[in-house]
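Heads up, the thing below is written out as structure tokens.
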Amino acid sequence: MTSPTLTPTRIGDPVDRVDGVAKVTGQARYAAEQPADRLLYGWVVSSSIAKGRIVAIHDEDARAISGVVEVMTHVNRPQLPRFDHSYKDALCVPGSPFRALYDERILFNAQPIAVVLADSLEVARYAASLIEVDYERETHNTDFTVALADRFVPQDKRSGFEAPKNRGDAQSAYGAARCKIAADFHLPTHYHNPMELHATTVVWEGDGRITVYDKTQGPQNVQGYLSAVFGFSPEHVRVKNPYVGGAFGSGLRPQYQVYLATLAAKMLERSVRVVLTRQQMFSHVHRPEAVQSVALATDPSGRLQAIINDAATSTSRFEDYMETVCDWGLMNYACENASAEYTIARVDTYTSGDMRAPGAATGMTLFELAVDEMAYAANIDPLEFRLINYSDKNAMDDTPFTSKALREAYAQGAAKFGWSRRTPAPRSMKDGRELVGLGLATGMWDALFRQMAVHARLLPNGDLEVATAGSDIGTGTYTVMAQVAADTLGLPIEKVTATLGDSSLPESPAEGGSSMAASVGAAVQVACRAVAEKLLVAADQIEGQPLGGARLEDVTLAHGRIALKSDPARSISFGDAMSAAGLETIEVEDTPASRSGSSGQSRKSRNTHSAIFAEVKVDEELGVVRVTRIVIAVAAARIINPKTARSQILGGVVMGIGMALHEEALTDHRIGRCMNRNLGEYHIPAHADIRDIEVIFVDEPDPEVTPLGVKGVGEIGIVGTAAAVINAIFHATGKRVRSLPVTLDKLLDS
Ligand code: MOS
Numbered sequence: 020m021t022s023p024t025l026t027p028t029r030i031g032d033p034v035d036r037v038d039g040v041a042k043v044t045g046q047a048r049y050a051a052e053q054p055a056d057r058l059l060y061g062w063v064v065s066s067s068i069a070k071g072r073i074v075a076i077h078d079e080d081a082r083a084i085s086g087v088v089e090v091m092t093h094v095n096r097p098q099l100p101r102f103d104h105s106y107k108d109a110l111c112v113p114g115s116p117f118r119a120l121y122d123e124r125i126l127f128n129a130q131p132i133a134v135v136l137a138d139s140l141e142v143a144r145y146a147a148s149l150i151e152v153d154y155e156r157e158t159h160n161t162d163f164t165v166a167l168a169d170r171f172v173p174q175d176k177r178s179g180f181e182a183p184k185n186r187g188d189a190q191s192a193y194g195a196a197r198c199k200i201a202a203d204f205h206l207p208t209h210y211h212n213p214m215e216l217h218a219t220t221v222v223w224e225g226d227g228r229i230t231v232y233d234k235t236q237g238p239q240n241v242q243g244y245l246s247a248v249f250g251f252s253p254e255h256v257r258v259k260n261p262y263v264g265g266a267f268g269s270g271l272r273p274q275y276q277v278y279l280a281t282l283a284a285k286m287l288e289r290s291v292r293v294v295l296t297r298q299q300m301f302s303h304v305h306r307p308e309a310v311q312s313v314a315l316a317t318d319p320s321g322r323l324q325a326i327i328n329d330a331a332t333s334t335s336r337f338e339d340y341m342e343t344v345c346d347w348g349l350m351n352y353a354c355e356n357a358s359a360e361y362t363i364a365r366v367d368t369y370t371s372g373d374m375r376a377p378g379a380a381t382g383m384t385l386f387e388l389a390v391d392e393m394a395y396a397a398n399i400d401p402l403e404f405r406l407i408n409y410s411d412k413n414a415m416d417d418t419p420f421t422s423k424a425l426r427e428a429y430a431q432g433a434a435k436f437g438w439s440r441r442t443p444a445p446r447s448m449k450d451g452r453e454l455v456g457l458g459l460a461t462g463m464w465d466a467l468f469r470q471m472a473v474h475a476r477l478l479p480n481g482d483l484e485v486a487t488a489g490s491d492i493g494t495g496t497y498t499v500m501a502q503v504a505a506d507t508l509g510l511p512i513e514k515v516t517a518t519l520g521d522s523s524l525p526e527s528p529a530e531g532g533s534s535m536a537a538s539v540g541a542a543v544q545v546a547c548r549a550v551a552e553k554l555l556v557a558a559d560q561i562e563g564q565p566l567g568g569a570r571l572e573d574v575t576l577a578h579g580r581i582a583l584k585s586d587p588a589r590s591i592s593f594g595d596a597m598s599a600a601g602l603e604t605i606e607v608e609d610t611p612a613s614r615s616g617s618s619g620q621s622r623k624s625r626n627t628h629s630a631i632f633a634e635v636k637v638d639e640e641l642g643v644v645r646v647t648r649i650v651i652a653v654a655a656a657r658i659i660n661p662k663t664a665r666s667q668i669l670g671g672v673v674m675g676i677g678m679a680l681h682e683e684a685l686t687d688h689r690i691g692r693c694m695n696r697n698l699g700e701y702h703i704p705a706h707a708d709i710r711d712i713e714v715i716f717v718d719e720p721d722p723e724v725t726p727l728g729v730k731g732v733g734e735i736g737i738v739g740t741a742a743a744v745i746n747a748i749f750h751a752t753g754k755r756v757r758s759l760p761v762t763l764d765k766l767l768d769s
């Protein structure tokens with residue numbers, strides 16, 4: 020296992036997932052699989068009304084069942100803080116955070132109103148079915164189109180949200196133009212459906228401490244939240260999430276299962292597990308419903324003269340969730356006159372929130388549908404149209420990009436896809452009885468970097484550990500972390516152990532916004548370089564100083580040895596250096612505060628870009644659309660691991676196909692409940708829906724964007740993909756469907 024002859028692993032190698040074997044053999048334990056003594060199982064009872072008050076909860080029959088220990092409600096729960104600020108997690112939005120079982124008020128349908136705690140899951144579930152609730156109903160509204168009458172511009176600046184910046188005079192330019200389009204687009208509510216249900220196991224340690232295994236993207240955020248809400252001192256709450264079965268944003272903020280499990284553990288002084296059902300997964304955070312009105316105008320040569328891009332998204336009655344929807348179109352295209360207004364509107368649901376590429380998945384995708392309409396109105400090939408209106412700078416902020424190889428992405432994607440075989444007229448391409456369509460869209464996302472800390476520990480035999488609190492939500496963080504560490508110290512990846520998902524480890528923000536690979540990679544490299552510096556200091560203790568006081572830039576590290584670049588024959592082993600200095604380990608903890616000169620200082624835009632090409636085949640008699648081919652060319656600077664990066668793009672593209680054809684939460688507004696709250700009726704792509712997907716990473720050297728020159732790729736794959744598919748459907752059929760998803764009824768409807 021520790022063969023020093025293994026080749027050192029390098030950044031850029033397509034390394035297999037280091038956690039792959041643990042996952043496929045079931046050794047990787049998720050939140051609901053952690054054992055605990057005298058564990059109680061909590062079953063959540065959900066409200067059947069969307070708004071009003073609980074008058075009475077009849078739990079006598081439930082309590083009479085053998086094995087039921089408690090029925091926890093707002094009436095008998097332990098004391099909780101009264102003020103909002105105690106419930107504000109690090110990623111909260113303006114407003115009043117939801118508190119389950121706080122009082123008798125019902126704010127949304129399927130709100131948790133009681134938890135049955137029993138010795139077994141089955142008993143808890145059965146007993147929960149016996150609970151009857153009397154309500155006093157109030158009028159609710161879950162219909163976004165009705166809510167839009169009261170839409171408003173969000174005002175709160177504390178959340179960091181900024182309104183889109185207008186330029187020129189878009190209204191006049193639009194009015195004066197001859198060639199123009201205007202259209203409204205609609206995106207329904209989407210629910211995150213990670214394979215792993217939201218789940219928490221609270222282990223009651225009996226000495227005032229709790230260990231909380233939670234499905235979350237940020238264990239330190241949950242730790243801070245639980246400490247504030249339940250009055251634990253922070254060192255008495257340890258939150259762990261070593262493995263996370265997907266989250267897509269649903270685990271950025273603490274969800275109600277962790278709150279309920281901790282509340283019950285505190286009440287009963289026992290270990291408690293709460294796992295939501297798949298139906299209950301449709302009762303909390305979701306991608307907001309959206310409407311977007313886009314008006315575009317060009318001159319006769321196809322140059323954009325006006326962009327008007329207004330959008331509204333849904334939020335709850337109690338919090339203001341905002342996302343960046345309008346900016347993408349304004350940033351991406353050169354045009355002197357552009358305006359946008361972003362508004363939100365309240366419905367009686369749980370607060371909407373971040374879902375994979377929040378804002379861009381909505382706003383860039385819908386905008387790219389309008390761009391296709393404009394290209395057709397101007398009678399210009401959709402790819403040519405985008406090149407005519409290409410902007411080398413961020414056209415909204417008027418700032419340069421650290422890099423933007425979108426032109427190369429268009430070119431390489433088009434070549435691979437065979438865009439040139441496309442005949443422009445809709446309905447002009449056929450394959451047997453199916454219509455064939457080729458469509459295109461652009462994607463754009465942020466290249467974020469966040470300061471975080473990493474602990475590194477080297478043993479004389481070259482075994483290396485790197486650790487940080489943050490999580491791997493399935494993206495490959497363990498792997499890229501180990502890979503960067505191996506690269507820095509010249510080790511094979513087999514010698515490196517990466518540890519994540521534990522609030523007691525060094526400070527790390529929640530995994531989100533495609534920031535982790537760039538951020539953790541940089542922190543690992545800084546920590547491992549510091550280890551190497553200490554090795555060199557230790558090497559100076561060796562008699563005769565074989566390295567002659569060499570500095571880090573004078574040596575190479577490989578195979579557990581340090582060698583002089585000028586004379587590679589002069590080398591010493593890590594072990595010899597450490598024993599000369601009497602060291603059993605070399606340990607470094609790099610903290611964000613200890614670092615100066617991070618990137619992110621210059622006034623430049625940091626973004627990933629993509630060009631997505633889609634081929635569809637449409638059976639017009641049945642309205643069936645098959646996405647037969649996708650080519651996506653991604654410009655994301657340096658790729659740490661092409662294998663895990665490709666997987667992220669594939670997942671994003673699959674989700675984008677789901678946006679185009681499948682995903683839609685359907686609400687019965689009379690009762691205010693999502694009706695298709697299961698994976699039988701809330702459709703997502705199945706294997707048969709996914710055909711060829713080719714991923715290209717274009718060359719985009721960018722030493723400036725982040726310390727390693729890396730841009731994250733967790734989200735860019737979804738942005739624009741649905742537009743490429745829907746634009747292809749138009750090319751195939753000549754039908755514009757502006758309300759997603761493009762289900763067969765919309766295609767058959769003429
Ligand atoms: Mo992502 S929506 O930042 O988990």
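Just so we're aligned, residue 20 is where the sequence shown starts under this note's numbering, counting upward by one. No residue lacks a Cβ here, since even glycine has one placed at the ideal position from N, Cα and C. All values derive from a computational prediction rather than experimental measurement.
For this session: Below 8 Å on the Cβ atoms is my guess for Ala630 versus Tyr429; work out the distance and round it to an integer in Å.
Result: Residue mapping note: residue 630 aligns to position 611 of the sequence shown, counting from 1. Residue mapping note: residue 429 aligns to position 410 of the sequence shown, counting from 1. Contact flag correct, Cβ pair sits at about 5 Å.
Exercise. Do the region 326-340 and the region 218-230 meet, that is, are 3 or more Cβ pairs less than 8 Å apart?
Worked result: no
Exercise. Quick one: Cα of Ser534 to Cα of Phe468, how far?
Worked result: Taking the first residue of the sequence shown as 1, we reach residue 534 at position 515. Taking the first residue of the sequence shown as 1, we reach residue 468 at position 449. Taking the straight line from one Cα to the other gives about 5 Å.
For this session: Taking all protein chains shown into account, decide if Asn95 is buried (16 or more other Cβ within 10 angstroms of its Cβ) or exposed.
Result: In the sequence shown, counting from the first residue as 1, residue 95 sits at position 76. Burial call: exposed.
For this session: State the beta-bridge partners of Asn328 as determined by DSSP.
Result: Walking along the sequence shown from the start, residue 328 turns up at place 309. According to DSSP, Asn328 bridges with Val313.
Exercise. Considering only residues of the same chain and omitting the five flanking positions on each side of Ala201, which have a CB-CB separation below 6 Å?
Worked result: Position 182 of the sequence shown, counting from 1, holds the residue named residue 201. Taken in chain order, the residues that qualify are Ala314.
For this session: Go through its chain and collect everything with a Cβ distance to Ala486's Cβ below 6 Å, but skip five positions before and after it.
Result: The residue labelled residue 486 in the question sits at position 467 within the sequence shown. The beta carbon of Ala486 sits closer than 6 Å to those of His474, Thr518, Leu524, all from its chain and outside the five residues before and after it, given in chain order.
For this session: Can you have a look at Thr44 and say buried or exposed, based on whether 16 or more other CB atoms are within 10 angstroms of its CB?
Result: For the purposes of this step, residue 44 is taken as the residue at position 25 of the sequence shown. The residue in question, Thr44, is exposed, as its Cβ has fewer than 16 Cβ neighbours within 10 Å.
Problem set entry | Straight-line gap, Gly250 to Ala679 (C-alpha atoms, nearest Å) | As a position in the sequence shown, residue 250 is number 231, starting the count at 1. As a position in the sequence shown, residue 679 is number 660, starting the count at 1. Going from the Cα of Gly250 to the Cα of Ala679 covers about 45 Å.
Exercise. If you draw a straight line from the C-alpha of Arg197 to the C-alpha of Trp464, how long is it?
Worked result: Here residue 197 refers to the residue found at position 178 of the sequence shown. Here residue 464 refers to the residue found at position 445 of the sequence shown. Between Arg197 and Trp464, the C-alpha separation is close to 32 Å.
Exercise. Where does Thr647 sit, in a helix, a strand or coil, going by DSSP?
Worked result: Taking the first residue of the sequence shown as 1, we reach residue 647 at position 628. Look at Thr647 here: in three-state DSSP terms it is strand.
Problem set entry | Collapsed DSSP secondary structure at Ala633 in the structure displayed | For the purposes of this step, residue 633 is taken as residue 614 along the sequence shown, with counting starting at 1. Correct three-state label for Ala633: strand.
For this session: Indicate, with yes or no, if the ligand MOS has a heavy atom lying under 7 Å from the CB of Ala266.
Result: Sequence index remark: in the sequence shown, residue 266 carries index 247 (1-based). Under cutoff, so the answer is yes.
For this session: Quick one: using the 10 Å Cβ neighbour count with 16 as the cut-off for buried, is Phe102 buried or exposed?
Result: Mapped onto the sequence shown, residue 102 falls at position 83. Per the 10 Å Cβ criterion, exposed.
Problem set entry | Option in Ala652, Gly699, His750 with minimal Cα separation from Ile735 | The count along the sequence shown starts at 1 and reaches residue 735 at position 716. Residue Ala652 is the option with its Cα nearest to Ile735.
Problem set entry | Coarse secondary structure for Asp595, derived from DSSP in three states | What you label residue 595 is simply residue 576 of the sequence shown in a count that begins at 1. Correct three-state label for Asp595: helix.
Problem set entry | Element boundaries [beta strand (DSSP E), containing Cys354] | As a position in the sequence shown, residue 354 is number 335, starting the count at 1. Run containing Cys354: none; DSSP gives neither H nor E here.
Exercise. Which value, in whole angstroms, describes the spacing of the CA atoms of Pro307 and Tyr352?
Worked result: Within the sequence shown, numbered from 1, the residue matching residue 307 stands at position 288. Within the sequence shown, numbered from 1, the residue matching residue 352 stands at position 333. Here the alpha carbon of Pro307 sits roughly 25 Å from the alpha carbon of Tyr352.
Exercise. Among Glu157, Gly579, Phe171, Val88, which has the Cα closest to the Cα of Ala364?
Worked result: Locating residue 364 in the sequence shown gives position 345, where the first residue counts as 1. That would be Phe171, whose Cα lies nearest to the Cα of Ala364.
Exercise. Taking Val304 as the reference, which of Thr317, Ser290, Tyr340 has the closest Cα?
Worked result: Taking the first residue of the sequence shown as position 1, residue 304 is located at position 285. Comparing Cα-Cα distances from Val304 to each of Thr317, Ser290, Tyr340, the minimum goes to Tyr340.
Problem set entry | Tyr232: first and last residue of the uninterrupted beta strand (DSSP E) it sits in | Position 213 of the sequence shown, counted from the first residue, corresponds to residue 232. Where Tyr232 is concerned, the enclosing beta strand (DSSP E) stretches over 229-233.
Exercise. Where Thr317 and Ala664 are concerned, what is the direct C-alpha to C-alpha distance, given to the nearest angstrom?
Worked result: For the purposes of this step, residue 317 is taken as the residue at position 298 of the sequence shown. For the purposes of this step, residue 664 is taken as the residue at position 645 of the sequence shown. Looking at the backbone, the Cα of Thr317 and that of Ala664 are separated by about 37 Å.
For this session: Round the Cβ separation of Leu457 and Ala747 to the nearest angstrom and send it over; I've been treating them as touching at under 8 Å.
Result: Along the sequence shown, read from residue 1 onward, the residue named residue 457 stands at position 438. Along the sequence shown, read from residue 1 onward, the residue named residue 747 stands at position 728. Between Ala747 and Leu457 the Cβ distance is about 6 Å, and since that is below 8 Å, they are a contact.
Exercise. Going by other Cβ atoms of all chains shown within 10 Å of its Cβ, with 16 needed for buried, is Met383 buried or exposed?
Worked result: On the sequence shown, residue 383 is found 364 positions in, with the first residue counted as 1. That one is buried.
For this session: Please say whether Glu89 and Leu295 have beta carbons closer to each other than 8 Å?
Result: Counted from its first residue, the sequence shown places residue 295 at position 276. Counted from its first residue, the sequence shown places residue 89 at position 70. Contact flag unset, no.
Exercise. How should Val574 be labelled, buried or exposed, when 16 other C-beta atoms within 10 angstroms of its C-beta is the threshold for buried?
Worked result: Here the question's residue 574 lines up with position 555 in the sequence shown. The residue in question, Val574, is buried, as its Cβ has 16 or more Cβ neighbours within 10 Å.
Exercise. Hey, Leu59 and Leu120: beta-carbon distance below 8 Å or not?
Worked result: Start at 1 with the first residue of the sequence shown, and residue 59 comes out as number 40. Start at 1 with the first residue of the sequence shown, and residue 120 comes out as number 101. Taking 8 Å as the Cβ cut-off, Leu59 and Leu120 do not qualify as a contacting pair.
Problem set entry | Candidates Ala557, Met415, Thr442: closest to Leu477 by CA position | Within the sequence shown, the letter at position 458 stands for residue 477. Leu477 has its Cα closest to that of Ala557, out of Ala557, Met415, Thr442.
For this session: To the nearest angstrom, report how far apart Ala707 and Ala379 are at their CA atoms.
Result: As a working mapping, residue 707 is identified with position 688 in the sequence shown. As a working mapping, residue 379 is identified with position 360 in the sequence shown. Cα to Cα, the separation comes out at about 27 Å.
Exercise. Ordered along the chain, which non-local residues of its own chain (more than five positions away) have a Cβ less than 6 Å from that of Gly372?
Worked result: Stepping through the sequence shown from its first residue, residue 372 is reached at position 353. Contacts found: Val304, Tyr340.
Exercise. How would you label Gly563, buried or exposed, when you count the other beta carbons within 10 angstroms and need 16 or more for buried?
Worked result: Here residue 563 is taken as the residue at index 544 of the sequence shown, counted from 1. Burial call: exposed.
For this session: Measure the Cβ-Cβ separation of Ala309 and Cys354 and say whether it is below 8 Å.
Result: To locate residue 309, count along the sequence shown from 1; it is residue 290. To locate residue 354, count along the sequence shown from 1; it is residue 335. Cβ atoms of Ala309 and Cys354: not closer than 8 Å.
Exercise. Ala376 by DSSP, collapsed to three states: which one?
Worked result: Looking up residue 376 in the sequence shown gives position 357. Three-state result, Ala376: coil.
Problem set entry | Buried versus exposed, by CB contacts within 10 Å (16 or more), Met694 | The residue given as residue 694 occupies position 675 in the sequence shown. By the neighbour-count definition (other C-beta atoms within 10 Å, threshold 16), Met694 is an exposed residue.
Exercise. When every heavy atom of the ligand MOS is checked, does at least one fall within less than 7 Å of the C-beta of Leu110?
Worked result: Your numbering for residue 110 matches position 91 in the sequence shown. For the ligand MOS, not one heavy atom lies less than 7 Å from the Cβ of Leu110.
For this session: Identify which residue in Val63, Tyr262, Asn128, Thr498 has its Cα closest to the Cα of Gln46.
Result: Here residue 46 is taken as the residue at index 27 of the sequence shown, counted from 1. The option with the nearest alpha carbon to Gln46 is Tyr262.
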